[in-house]
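Residue numbers (the UniProt record's numbering): 1 to 395.
This report concerns only the one structure given below.
Here it is, written out as structure tokens:
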């Protein structure tokens, strides 16, 4: 929770600082160093007992990591409208970025599986400290190598100031009709933030609670432990693969499927998955679980990419510095997501046997409501866009 609070507070400050200096690549480099050092320190101290010294050590390490993460995220996102020359290029970069993010998640999943399977012990405990330390160091090394390749690809000069570019009507409608009006005083930025927040919250809730739901389902039904363990491992992987394939499709979609249509389709698929879970999955039916995992992956990828594309279009159409805009958009996500997860955990029954379908209800009702919120935000955004189109001067 400390890390979530630090990340939320640091994000708008980082966005403001990046726009003030304009050195996005330098900020990204500094943030990458902080992430590498902070993540390594988190897994460097072997937990024996929670003393005051250990608590301070972990707080400082997590703070360093989260601040670095905020810097890297905002600097990287704000580079998209800076180096893109049109809406199509911006959408391609956003889709490629999300595809790379999914690949990273799958790589971490694979590394963890390979390192942990070398141990014959079926349970995971403090004795596995050195294995998790090994996993962390491998991930840090791969991240450093990827960052170096990224910097090599950015060799050259880019404009620090954003230039307004006139493009298709769908992009131009994100243009505010008063350039002297600060973007925080415009409703469009908050609607775009809500669409992104709904997408991220949907993805985070599924990422956290799908394994817990599978474990809960195994406790209610008569399922062999080996089969349950296999399902817990493969269902998230199937969702990642579906998300990866969807992001590739979004990269190749061209102009046939606009961002708002993509977002609407993604939220609709998410609602279908939530209703499916809520109506009950047939006992011992793995095929239904895999189908739901595919739906969740498609929904998360579609809404994430399209909401980030809408943000990039807002930046490009209005000539704003992307750092502060992206920081405001992601700040909403981090603050709300942390609060929702904390609330869900505090509402858990004690003992858990009193609520045998708790996580199923979380995935069906809360995720369904979040998807509906995304649709409402998108509809309101479309209304504002059409209103802006009506009042735009003819010249």
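Virtual Cβ for every residue (Gly too), placed ideally from N, Cα, C.
Fair warning: this is a prediction, and the values are worked out from it, not measured in the lab.
Asked: Distance, residue 86 Cα to residue 385 Cα; Found: 19 Å
Asked: Helix, strand or coil at residue 50 according to DSSP, with G and I counted as helix; Found: coil
Asked: Span of the alpha helix (DSSP H) around residue 350; Found: Per DSSP, residue 350 belongs to no alpha helix (DSSP H) and is neither H nor E.
Asked: Residue 356 versus residue 285 - alpha carbon distance; Found: 18 Å
Asked: Beta-carbon spacing of residue 36, residue 3 below 9 Å; Found: no
Asked: Beta-carbon proximity check, residue 142 vs residue 237, cutoff 9 Å; Found: no
Asked: Alpha-carbon to alpha-carbon, residue 308 and residue 14; Found: 18 Å
Asked: Residue 33 beta carbon near the ligand FMN (any heavy atom closer than 8 Å); Found: Among the ligands in the structure shown, none appear at all, so the ligand FMN cannot be discussed.
Asked: Proximity winner among 72, 277 and 197, relative to residue 337 (alpha-carbon distances); Found: 197
Asked: Burial state of residue 367, where buried means 16 or more other Cβ atoms lie within 10 Å; Found: buried
Asked: Sequence-distant residues of the same chain with beta carbon closer than 7 Å to residue 414, five excluded per side; Found: A query on residue 414 cannot be resolved here, the shown segment of the chain reaching from 1 to 395 and no further.
Asked: Residue 357 in three-state terms, based on DSSP; Found: coil
Asked: Residue nearest to residue 262 in terms of C-alpha spacing, selected from 239, 205, 306 and 269; Found: 306
Asked: Residue 146 vs residue 42 beta-carbon contact at 9 Å; Found: no
Asked: Under the three-state DSSP convention, the category residue 376 falls into; Found: helix
Asked: Residue 43 in three-state terms, based on DSSP; Found: coil
Asked: Residue 216 classed as buried or exposed, judged by whether at least 16 other C-beta atoms fall within 10 angstroms; Found: buried
Asked: Assumed close pair residue 311, residue 192 - CB separation to whole angstroms, cut-off 8 Å; Found: 5 Å
Asked: Exposure label - residue 313; buried when at least 16 CB within 10 Å; Found: buried
Asked: Buried or exposed (CB count within 10 angstroms, at least 16 for buried), residue 342; Found: exposed
Asked: Run of the alpha helix (DSSP H) containing residue 365, from where it starts to where it stops; Found: That residue, residue 365, is in no alpha helix (DSSP H); it is neither H nor E in DSSP.
Asked: Between the CA atoms of residue 34 and residue 148 - distance to the nearest angstrom; Found: 15 Å
Asked: The alpha helix (DSSP H) enclosing residue 269, as first and last residue numbers; Found: 259-279
Asked: Identity of the residue in 348, 371, 253 and 250 nearest residue 296 by Cα; Found: 371
Asked: Short Cβ contact (9 Å threshold) for residue 150 with residue 46; Found: no
Asked: Rounded separation between residue 202 and residue 299 - CA only; Found: 9 Å
Asked: Pairwise C-alpha distance: residue 293 and residue 232; Found: 11 Å
Asked: Own chain residues within Cβ distance below 7 Å of residue 138, not counting five before or after; Found: 111
Asked: Where residue 361 falls, given that 16 or more other Cβ within 10 Å makes a residue buried; Found: exposed
Asked: DSSP state of residue 22 mapped onto helix, strand, coil; Found: coil
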